[in-house]
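As structure tokens, the structure follows; a few thoughts come after it.
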Amino acid sequence: MGERFYVDRARVVRALAEEADPLVKKRRLRLANNDDGMRKQITRGHVRKSQPF
């Protein structure tokens, strides 16, 4: 997935967080920050795959 995907996804998640209750809002903002982190990793040219559970 490209950088544009993560930018758009973070924007959508932040918009949804604005309308959520405080607990859900906190979780959605954390998810948006994770998407921003993925975008930064892609720009640097390395994406670490998540470890299987």
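Numbers in this note's numbering are just positions in the sequence shown, counted from 1, shifted up by 924. Quick reminder that beta carbons are idealized off the backbone N, C-alpha and C, glycines included.
(request) Return the residue from the list 943, 937, 945 that minimises the CA-CA distance to residue 954. (result) Working through the sequence shown from its first residue, we reach residue 954 at position 30. Ranking the options by Cα distance to residue 954, first place goes to 937.
(request) Enumerate in chain order the residues of its own chain whose CB-to-CB distance from residue 962 is below 6 Å, with the five nearest sequence positions on each side excluded. (result) Position 38 of the sequence shown, counting from 1, holds the residue named residue 962. 930.
(message) On the DSSP letters alone, give me the boundaries of the alpha helix (DSSP H) that residue 944 sits inside.
(response) As a working mapping, residue 944 is identified with position 20 in the sequence shown. Residue 944 -> no alpha helix (DSSP H), and no H or E assigned at all.
(message) Quick check: residue 933 and residue 959, are their CB atoms within less than 7 Å of each other?
(response) In the sequence shown, counting from the first residue as 1, residue 933 sits at position 9. In the sequence shown, counting from the first residue as 1, residue 959 sits at position 35. Result yes, Cβ atoms of residue 933 and residue 959 sit closer than 7 Å.
(request) Report yes if the CB atom of residue 952 is closer than 7 Å to the CB atom of residue 941, and no otherwise. (result) Against the sequence shown, residue 952 aligns to sequence position 28. Against the sequence shown, residue 941 aligns to sequence position 17. Yes.
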